[in-house]
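J.:
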Amino acid sequence: MAVRHLCAPGDLDTRRPLPGRPAAAQRVAAVAASDGLRRVAVATTAPWFHGLGELLVLDPEFGGRPLLLPPTVRRPQPGLVRDLLLSPDGGALTVALSGTEEQPVGQLAHWALDGPAERWRRSLGRARDTALGDCLRPQLAASADGSTLACADRCRRGVLALAATDGRRLTDPPAIAGSPAVALDHAGGRLAYPAPAGIAVLDLATGHTETRTAGLDWCGGLAFSPDGSTLAVVGEADGAAMAVLLVPGRGIVDRRALGPLPGDARRQVLRPVWGAAGARAAVRTGRTVTVWDLLTARPLSTVPDLGRSTAWSLATDGRALVVATTTEIRAHELEPSA
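According to this note's numbering, the stretch in the sequence shown is residues 955 to 1292, in order.
1) Per DSSP, which one or two residues make a beta bridge with residue 959?
2) By alpha-carbon positions, which one of 1162, 1132 and 1135 ends up nearest to residue 1143?
3) For the ligand NAP, is there a heavy atom less than 7 Å away from the beta-carbon of residue 1220?
4) For the putative contact between residue 987 and residue 1276, defined by C-beta atoms under 8 Å, what is the C-beta separation to the nearest angstrom?
5) What is the DSSP secondary structure of residue 1218, counted as helix, strand or coil?
6) On a CA-only basis, which of 981, 1287 and 1103 is nearest residue 1254? Give me that one, please.
7) Got a sec? Which residues, its chain only, sit under 7 Å from residue 1284 by beta carbon, not counting five neighbours each side?
8) Going by DSSP, what residues sit across from residue 1197 in a beta bridge?
9) Would residue 1216 be called buried (16 or more neighbouring beta carbons within 10 Å of its own) or exposed?
10) Excluding five sequence neighbours on each side, which residues of the same chain lie with their C-beta closer than 7 Å to the C-beta of residue 936?
11) Is residue 1284 close to chain B? Criterion is C-beta to C-beta, closer than 8 Å.
12) Which of the three DSSP states, helix, strand or coil, is assigned to residue 1293?
13) Leaving aside the five residues before and after residue 1273 along the sequence, list all residues of the same chain whose C-beta is less than 7 Å from its C-beta, in chain order.
14) Exposed or buried, residue 1022, counting other C-beta atoms within 10 Å across all chains shown (16 or more means buried)?
15) Starting from the Cα of residue 1190, find the closest Cα among 1183, 1126, 1211 and 1202 and give me that residue.
16) Let's test the definition: count the other Cβ atoms within 10 Å of the Cβ of residue 1270 and tell me whether it reaches 16, buried, or not, exposed.
17) Run through DSSP, which three-state label would residue 1259 get?
18) Do three or more CB pairs link the region 1239-1250 to the region 967-977 at distances below 8 Å?
19) Closest to residue 1117 by CA distance: which of 1111, 1105 and 1128 is it?
20) Roughly how many angstroms lie between the CA atoms of residue 1262 and residue 998, to the nearest whole one?
21) Name the DSSP beta bridge partners of residue 1093, please?
22) When DSSP labels each residue in this structure, what does residue 1043 get in the three-state scheme?
23) State buried or exposed for residue 1203, treating a residue as buried only when at least 16 other CB atoms are found within 10 Å of its CB.
24) Note down the Cα distance separating residue 1082 from residue 1093, rounded to an integer number of angstroms.
25) Let me check one thing: in DSSP terms, what residues is residue 1267 bridge-paired to?
26) Could you please give the first and the last residue of the uninterrupted beta strand (DSSP E) stretch that includes residue 1238?
27) Roughly how many whole angstroms lie between the Cα atoms of residue 1046 and residue 1068?
28) Leaving aside the five residues before and after residue 1266 along the sequence, list all residues of the same chain whose C-beta is less than 8 Å from its C-beta, in chain order.
29) From the DSSP output, read off the bridge partner residues of residue 1135.
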């Protein structure tokens, strides 16, 4: 497995450090990467000093200093970045922020990066504390063409489906239960999310909803197949990570155990990717992240010794696991699925 370093030493340093403090970022809140690693976005943060967080966009192919996107996370209305999502072509970035004591309302911001310019911003719920954990953090999803966005807002117990061009709401927010896992099919016409009665699939055009049980104690992530015929559900049951395949109209067609999970990893939220490279998910176990092939239950890559200040994410094409620390960003390239 090849490892590619995506930034130079010092690229992630805070541009305006606190007096007497080192310029190195104190923590990485989130990272995202587009198809082929064309662009990478990373959010850094300074605990207790929310206004010192920064949102950086890197172009690994051409190099150079990262692009800083103010004032998404800086004063006068700072927020804590909870999730980042790049469009597959790297041309747009969506940012989900939870609130702080100074700015309790969360926000959803959408950027066009060829410029760059902020297109729109929408308010989210009022979660304010990092101790709330993954289950109250906003989670993002996008259609393959980037035309439709979704955000699970657990603080309002609903799912937003929005047009990427202007942020207008496409449907009344359906109720969400349990985790903030959410997914859109490749055309952006159907939305999947955990509902009180199971995993729901909502047709955004007709409003019809179909709900199926997945037999899991926790739903951590969702992904549609490229043709939209199958939904992969990654979660936990009986202390093990599980991959369940659901077919709308039929129910469960496959169920595979991926491996045991310790207690602190059983309620994690992740974003599986199902594309030409296969169906994949990066699952945390302690300080180790393993990328699993969801169709064969085969581990593709394992990255150990990840600290609390580290973030990771699969690229939108699923061909690399991107890991960001306070000093570097590296991509662990993944082999094609068998």
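By construction, the Cβ of each residue, glycine as well, lies at the ideal position given by its N, Cα and C atoms.
T.: Based on what the coordinates show:
1) As a position in the sequence shown, residue 959 is number 5, starting the count at 1. BP columns for residue 959 point to 1284.
2) Working through the sequence shown from its first residue, we reach residue 1143 at position 189. The candidate whose alpha carbon is nearest that of residue 1143 is 1162.
3) What this structure holds is no ligand at all, so the ligand NAP is not there to describe.
4) Taking the sequence shown and counting its residues from 1, one reaches residue 987 at position 33. Taking the sequence shown and counting its residues from 1, one reaches residue 1276 at position 322. Residue 987 to residue 1276, Cβ: 4 Å. Contact.
5) By 1-based counting over the sequence shown, the position of residue 1218 is 264. Helix, per DSSP.
6) Working through the sequence shown from its first residue, we reach residue 1254 at position 300. Comparing Cα-Cα distances from residue 1254 to each of 981, 1287 and 1103, the minimum goes to 1287.
7) Along the sequence shown, read from residue 1 onward, the residue named residue 1284 stands at position 330. Within the same chain, residue 1284 has close Cβ partners 957, 958, 959, 960 and 1277.
8) Here residue 1197 is taken as the residue at index 243 of the sequence shown, counted from 1. Its beta-bridge partners are 1188 and 1210.
9) Working through the sequence shown from its first residue, we reach residue 1216 at position 262. Exposed is the call here.
10) Look at the range of the chain in this structure, 955 to 1292, and you will see that residue 936 is not part of it.
11) Of the protein chains in this structure there is only one, and it is not chain B.
12) The structure shown does not extend to residue 1293, since the chain spans only 955 to 1292, so no value can be given for it.
13) Start at 1 with the first residue of the sequence shown, and residue 1273 comes out as number 319. If we look at residue 1273 and ignore the five residues flanking it on each side, its Cβ neighbours are 1231, 1287 and 1288.
14) Residue numbering aside, residue 1022 sits at position 68 when the sequence shown is read from its first letter. Classification for residue 1022: exposed.
15) Position 236 of the sequence shown holds residue 1190. Of 1183, 1126, 1211 and 1202, the residue nearest in Cα terms is 1211.
16) Position 316 of the sequence shown, counting from 1, holds the residue named residue 1270. That one is buried.
17) The residue given as residue 1259 occupies position 305 in the sequence shown. Reduced to three states, the DSSP call for residue 1259 is coil.
18) no
19) Here residue 1117 refers to the residue found at position 163 when the sequence shown is read from its first residue. Nearest in C-alpha terms to residue 1117, of all of 1111, 1105 and 1128, is 1105.
20) Sequence index remark: in the sequence shown, residue 1262 carries index 308 (1-based). Sequence index remark: in the sequence shown, residue 998 carries index 44 (1-based). Taking the straight line from one Cα to the other gives about 13 Å.
21) Mapped onto the sequence shown, residue 1093 falls at position 139. Answer by DSSP bridge pairing, in chain order: 1106.
22) As a first step, residue 1043 must be located in the sequence shown, where it is residue number 89. Residue 1043: coil per DSSP, three-state reduction.
23) In the sequence shown, the residue the question calls residue 1203 occupies position 249. Under this definition residue 1203 is an exposed residue.
24) Counting from 1 along the sequence shown, the entry for residue 1082 is found at position 128. Counting from 1 along the sequence shown, the entry for residue 1093 is found at position 139. For residue 1082, the predicted structure reports a pLDDT of 44, less than 50, and the residue's modelled location is therefore unreliable. A value from the coordinates is still provided. Using only the alpha carbons, I get a separation of about 15 Å.
25) Residue 1267 sits at position 313 when you count from the first residue of the sequence shown. Answer is 1276, bridged to residue 1267.
26) Numbered from its first residue, the sequence shown carries residue 1238 at position 284. Boundaries of the beta strand (DSSP E) harbouring residue 1238: 1232-1239, taken from the DSSP string.
27) The residue you call residue 1046 lines up with position 92 of the sequence shown. The residue you call residue 1068 lines up with position 114 of the sequence shown. Whole-angstrom Cα-Cα distance: 8 Å.
28) Here residue 1266 is taken as the residue at index 312 of the sequence shown, counted from 1. Excluding sequence neighbours, residue 1266 sits near 985, 1236, 1243, 1257, 1260, 1275, 1276, 1277 and 1278.
29) Stepping through the sequence shown from its first residue, residue 1135 is reached at position 181. In DSSP, residue 1135 forms no bridge with anything.
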